[in-house]
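Scroll down for the structure; my scribbles are underneath it.
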Amino acid sequence: MTSTTQTGDTPAQRPRKAAASSAAAASEFAIELEKINKRFGPVHANRDIDLNVRRGSVHGIVGENGAGKSTLMSILYGFYTADSGEIRVDGVPHRITDSRHALALGIGMVHQHFMLVDNFSILENVILGVEDNALLGPSLERARKELERLAHEYNLEVDPDAIIEDVSVGTQQRVEILKALYRGADVLILDEPTGVLTPSEADDLFRVLRVLRDEGKTIILITHKLREIMAITDYVSVMRQGAMVATLETRNTDPEELAELMVGRRVLLRVEKGPAHPGEVFLAVDNLVVKDDLGVTRVKGVSFAVRGGEIVGIAGVAGNGQTELLESVSGMRDQAGGTVRLKGTPLSLEGDDGAHRARKSGLAHVPEDRQRMGLVVAFEEWENAILGYEDDPAYGKGMILDIKAAREAARRRIAEFDIRPANERLKTASFSGGNQQKIVLAREMERNPDVLIVGQPTRGVDIGAIEFIHNQIIKMRDAGKAILLVSVELDEIRSLADRILVMFDGQIVGEADPATATEGELGLMMAGVTDRKATVASPVAATGAAS
Amino acid sequence: MSALRPLPRWADILLLPLINLVLAFVVSGLVVLAIGQNPLAALEAIVGGAFGNGYNIGYTLYYSTNFIFTGLAVAVAAHAGLFNIGGNGQAYIAGLGVILVVLPLQFLPWWVTFPIAVVAGAAVGGLWAFIPGWLQAKRGSHVVITTIMFNFIAAAIMVYMVVNVLKPAGVLAPESAMIAAEGRMPKFGTFIPWFKNTDVNFTLLLALACLVGAYVLIWHTRFGYQMRALGHNPTASTYAGISNSRTIMIVMTLSGALAGMVAVNQIVGVQYRLVLDYVADAGFVGIAVALMGRNHPVGILFAALLFGALYQGGNELQYVIPGLSKEMVVVIQALVILFTGAMEGMFRPGLQRAFMLFGGSAARREA
Chain S
50 MTSTTQTGDT PAQRPRKAAA SSAAAASEFA IELEKINKRF GPVHANRDID
100 LNVRRGSVHG IVGENGAGKS TLMSILYGFY TADSGEIRVD GVPHRITDSR
150 HALALGIGMV HQHFMLVDNF SILENVILGV EDNALLGPSL ERARKELERL
200 AHEYNLEVDP DAIIEDVSVG TQQRVEILKA LYRGADVLIL DEPTGVLTPS
250 EADDLFRVLR VLRDEGKTII LITHKLREIM AITDYVSVMR QGAMVATLET
300 RNTDPEELAE LMVGRRVLLR VEKGPAHPGE VFLAVDNLVV KDDLGVTRVK
350 GVSFAVRGGE IVGIAGVAGN GQTELLESVS GMRDQAGGTV RLKGTPLSLE
400 GDDGAHRARK SGLAHVPEDR QRMGLVVAFE EWENAILGYE DDPAYGKGMI
450 LDIKAAREAA RRRIAEFDIR PANERLKTAS FSGGNQQKIV LAREMERNPD
500 VLIVGQPTRG VDIGAIEFIH NQIIKMRDAG KAILLVSVEL DEIRSLADRI
550 LVMFDGQIVG EADPATATEG ELGLMMAGVT DRKATVASPV AATGAAS
Chain U
177 MSALRPLPRW ADILLLPLIN LVLAFVVSGL VVLAIGQNPL AALEAIVGGA
227 FGNGYNIGYT LYYSTNFIFT GLAVAVAAHA GLFNIGGNGQ AYIAGLGVIL
277 VVLPLQFLPW WVTFPIAVVA GAAVGGLWAF IPGWLQAKRG SHVVITTIMF
327 NFIAAAIMVY MVVNVLKPAG VLAPESAMIA AEGRMPKFGT FIPWFKNTDV
377 NFTLLLALAC LVGAYVLIWH TRFGYQMRAL GHNPTASTYA GISNSRTIMI
427 VMTLSGALAG MVAVNQIVGV QYRLVLDYVA DAGFVGIAVA LMGRNHPVGI
477 LFAALLFGAL YQGGNELQYV IPGLSKEMVV VIQALVILFT GAMEGMFRPG
527 LQRAFMLFGG SAARREA
């Protein structure tokens, strides 16, 4: 970026705008991709992709994980170069060599994982990499003014002096959007933007996107959530196995059609399950208190029971103690008080190998964050297929690990769970999100545990795999096992759970029947408004007070 | 950038270190040239000094023995995500254990005292690494800080012990009493005259056994699996129910025990007594050896041989070319450590690009 003294436009904006207006007549499309091809060794990630993105529209790109969406966008953003094909920006062909080049052409990207410096202020993050002066002062002043203008123009209010780690995930995402706008982006690519957002934060985001579109920006939205496509996009393109299978006007299509295009077969978007037949209590949590790493009490005296043959869902906005609850019940985190009983026997989960003892007692755990917790992504697939069970007699005698047996078992499960690619020697990092989740699920279900604890089972997982994962969970329930499900996706909880507990501020504030509770009622409880539900919540509150 | 793909295994393990090594030699050559000497003659002197005859090879292998131990010590810890830079102190203080069991048993045959010395060296070296391991596991003190501080503590203790406790009355040099001839392990030269009276001894076989043992431990045992899980992702290992604190303490103890084997080589195999500073920084060379050997026993074997050759060849260099002082040798060794150790990843992106160009066209041909 060259230095400039003007304060209105950002450095990148001025020259490019001129180019845009002269070429605007030539094309109604902001972005045109023609016959894009990209191979990674034997994998044909993008084949003959054509894509036209109309200026001033929100254009959704859907497809299962591994369909080639991210590769395509990485080509557009300059992370990869296409093997063949043409990219036209505002009608002018360009060979985009890196992300700086893409930015100069007015293409900005908001990544799924934010690229922010946690202990910098919002303002500092915005100018990071485009400080145009050796002294920060002038850059910060200019950026502050520009940020105010952008905030005003696009309804993107933020406190420029707030520190990133202190603000919510939704705000962090706004900062990412502001970063792109500050760098002069006219075309914004958002990669799975709602994966980390609460429903209300997602609604906020959509409001912002609409404003941006109405102000003339072009937005490309990569997602696999069909509800979002229907809610926000004007056009939608569907990718499958590296090819572009359709581009439709959103108002002329429906989720069923999109799902079928994505997967290539009919998909059931609703979970089909019969009535639950709850038996005896398998998991009993009594007055559980859990503190986080900083010593803050996050779970404040929670009691509940899960019976064999039922799925109990815990709903709530992320950060209300669900994570600590899961980690504690599964033995990863010490309890500060209370008991966890499995089929009547108290579990001793203290110490840093508590999870080992929990597993031995028949409690399996599919963690919220598979990449950070449930898998060692640097390991080969078969190594992850035994994580937590590496001392199982099936995998060797004494101290020695029977690698052959472990690989054979991994191969069996790859076939059983249709994990792709079907190669147990492949590094786990190279599997897609859905397949990684299948690896975890297969491992945790393998030993037929009495209790299965599942956190965010379908976060970042594609439609085809979601159906499979939900069916597996229901199959376990029908086999008489107890399942504790935690998810921030209310839809998932409502369709999967037989009973819903709502968690707010470390406590269970209410119980609801998924068949009768409305989204509004649940939403109120999730927000901590419990007056109306006081009678339902009182038994829990009473046990909590007794401590 | 994210587009770069990892190198094929052989390129990672062989080609990259080779490029680094060649570059280190080229820069060393320029330094030699700058002080008015012939670089090719110097290279010839180093290679000849390291591998010229049985005598040279014997000493090269002797140095390599130490570097295998210290390299393995660093590598084993590295697989669990621990950076043990206290190999020097662990190797040093292990000598205390070795000399304290060997001196009382010095009239027994060497093949009786040798295993006892191994156990004693491993125990004391292991203990010296266990303490930092315990501090990290239980108190959160980082091993990088504690192990390097323990190097200084070890040095101070050893000076005190040698000067005030172990030094026999009437001896001026700061060293312990000599082991009786019966307790001394014969050097290879005793059986294979070709090696002459060089310092290479049976401890080399122990080092080779440790290489095999480390390979089995890391990749073929349940514990090795657990420590690698910890090394790659401590959250996942907690999730798996692996006790991270226990694993850290065991791995550090193993690491220190391996470093402690240097004491066995030096005291039972070479010096027959405890002298000051016998480790001669082998612990630090071990870091470079492990880095260059990519923490793999096979890589460590080759890297240890290389550094052994450099030490021995470098020692010879000053006799062959009088213009190159001992300090010059240190400069060359430092350059090799710099290029193969500290900057070992410098050429990786370039090499990856080269491979992608080549690999890409190969993939197109297949299609």
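Protein sequences appear in the order of chains S and U.
Residues in the first sequence are numbered from 50 upward in steps of one, following the working numbering.
Residues in the second sequence are numbered from 177 upward in steps of one, following the working numbering.
Every residue, glycine too, gets a C-beta built ideally from N, C-alpha and C.
- [ ] Could you give the DSSP three-state label for S413 (chain U): helix, strand or coil?
- [x] helix
- [ ] Rounded to whole angstroms, what's the CA-CA distance from S249 (chain S) to A385 (chain S)? Just pull it up for me.
- [x] 32 angstroms
TODO: Measuring only between beta-carbons, confirm whether G411 (chain S) sits less than 9 angstroms from chain U.
DONE: no
Open item on the list: How far does the alpha helix (DSSP H) with P473 (chain U) in it extend, from its first residue to its last?
Closed with: Per DSSP, P473 (chain U) belongs to the alpha helix (DSSP H) from 473-496.
Open item on the list: Within 8 angstroms, do at least three Cβ pairs link the region 505-518 of chain U to the region 263-277 of chain U?
Closed with: no
Task: Top-ranked residue by Cα proximity to Y586 (chain U), from U:L199, U:V474, U:I195 - done: This structure cannot settle anything about residue 586 (chain U), because the visible part of chain U is limited to 177 through 543.
- [ ] Would you mind stating whether D527 (chain S) and G358 (chain S) have Cβ atoms separated by less than 9 angstroms?
- [x] It is a contact, given that the beta carbons lie within the stated cut-off.
- [ ] With DSSP as the reference, label V223 (chain U) as helix, strand or coil.
- [x] helix
- [ ] Measure the beta-carbon distance from A187 (chain U) to L527 (chain U) and round it to whole angstroms, keeping in mind my assumption that it falls under 8 angstroms.
- [x] 7 angstroms
Task: Chain-ordered neighbours of F399 (chain U) on chain S, where CB pairs are closer than 8 angstroms - done: M448
Task: Counted within 10 angstroms of its Cβ, other Cβ atoms place Q371 (chain S) as buried (16 or more) or exposed - done: Residue burial is scored here from C-beta neighbours: Q371 (chain S) has at least 16 other C-beta atoms within 10 angstroms and is therefore classed as buried.
TODO: Take the Cβ of L239 (chain S) as the centre, count every other Cβ of all protein chains shown within 10 Å, and call the residue buried at 16 or more, exposed below.
DONE: Flag for L239 (chain S) reads buried.
Task: Boundaries of the alpha helix (DSSP H) in which N242 (chain U) is found, first to last residue - done: That run of the alpha helix (DSSP H) goes 230-255.
- [ ] Please decide whether P563 (chain S) counts as near chain U, where near means a Cβ-Cβ distance under 9 angstroms.
- [x] no
Task: Proximity test, G155 (chain S) beta-carbon vs the ligand COA heavy atom, cut-off 8 angstroms - done: With respect to the ligand COA, the structure offers nothing, as it holds no ligand at all.
Open item on the list: By the three-class DSSP mapping on this structure, what secondary structure does R496 (chain S) have?
Closed with: coil
Task: 7 angstroms CB neighbourhood of M337 (chain U) in its chain, flanking five on each side removed - done: Sequence-distant partners of M337 (chain U) (beyond 5 residues in either direction) whose C-beta falls short of 7 angstroms from its own C-beta, in its chain, are L272.
Task: Pick from U:A518, U:V223, U:F243, U:L216 that is closest to L380 (chain U), judged by C-alpha positions - done: Closest option to L380 (chain U), Cα to Cα, is U:F243.
Open item on the list: Which residues in chain U have a C-beta closer than 8 angstroms to the C-beta of H405 (chain S)? List them in chain order.
Closed with: A416, G417, I418, S419
TODO: Grab me the residues of G313 (chain S)'s own chain with a C-beta within less than 7 angstroms of its C-beta, minus the 5 sequence neighbours each way, in chain order.
DONE: R289
Open item on the list: Does I278 (chain S) come out as helix, strand or coil in the three-state DSSP assignment?
Closed with: helix
- [ ] Write down every uninterrupted run of the alpha helix (DSSP H) in the region 196-243 of chain S whose length is 4 residues or greater and which is fully enclosed by it, in chain order.
- [x] 218-231
TODO: Label M21 (chain S) either buried or exposed according to how many other C-beta atoms from any shown protein chain fall within 10 Å of its C-beta, with 16 as the threshold for buried.
DONE: The structure shown does not extend to residue 21 (chain S), since chain S is modelled only from 50 through 596, so no value can be given for it.
- [ ] Out of S:E77, S:E83, S:V166, point me to the one whose CA is closest to M293 (chain S)'s CA.
- [x] S:E83
TODO: Under 7 angstroms Cβ to Cβ from V278 (chain U), same chain only, skipping five residues before and after it: list those, please.
DONE: T289, A293, I355, G359, I443, V444
Task: 7 angstroms CB neighbourhood of T388 (chain S) in its chain, flanking five on each side removed - done: Excluding residues within five positions, the ones whose Cβ falls inside 7 angstroms are D335, P395.
- [ ] Could you give the DSSP three-state label for V334 (chain S): helix, strand or coil?
- [x] Three-state result, V334 (chain S): strand.
TODO: Pick out whichever of U:P285, U:F531, U:V451, U:F259 has its Cα sitting closest to the Cα of F460 (chain U).
DONE: U:F259
- [ ] Rank U:A296, U:A253, U:Y401 by C-alpha distance to the C-alpha of D451 (chain S) and give the top, closest one.
- [x] U:Y401
Open item on the list: How far does the alpha helix (DSSP H) with M522 (chain U) in it extend, from its first residue to its last?
Closed with: No alpha helix (DSSP H) contains M522 (chain U), which DSSP labels as neither H nor E.
Task: Cβ-Cβ distance between A313 (chain U) and M425 (chain U) below 9 angstroms - done: In this structure, A313 (chain U) places its C-beta atom within 9 angstroms of the C-beta atom of M425 (chain U).
Open item on the list: Check for me: the alpha helix (DSSP H) holding M361 (chain U) runs from which residue to which?
Closed with: Here M361 (chain U) belongs to no alpha helix (DSSP H), and DSSP marks it neither H nor E.
TODO: Would you identify the three-state DSSP class for A471 (chain S), choosing helix, strand or coil?
DONE: coil
Task: Minimum Cβ-Cβ distance from R96 (chain S) to chain U less than 9 angstroms - done: Look at R96 (chain S): its C-beta is not under 9 angstroms from any C-beta on chain U.
Open item on the list: With the cut-off set at 9 angstroms, would you say M422 (chain S) and Y415 (chain U) are in Cβ contact?
Closed with: yes
TODO: Report yes or no: is there a C-beta of chain S within less than 9 angstroms of the C-beta of N377 (chain U)?
DONE: no
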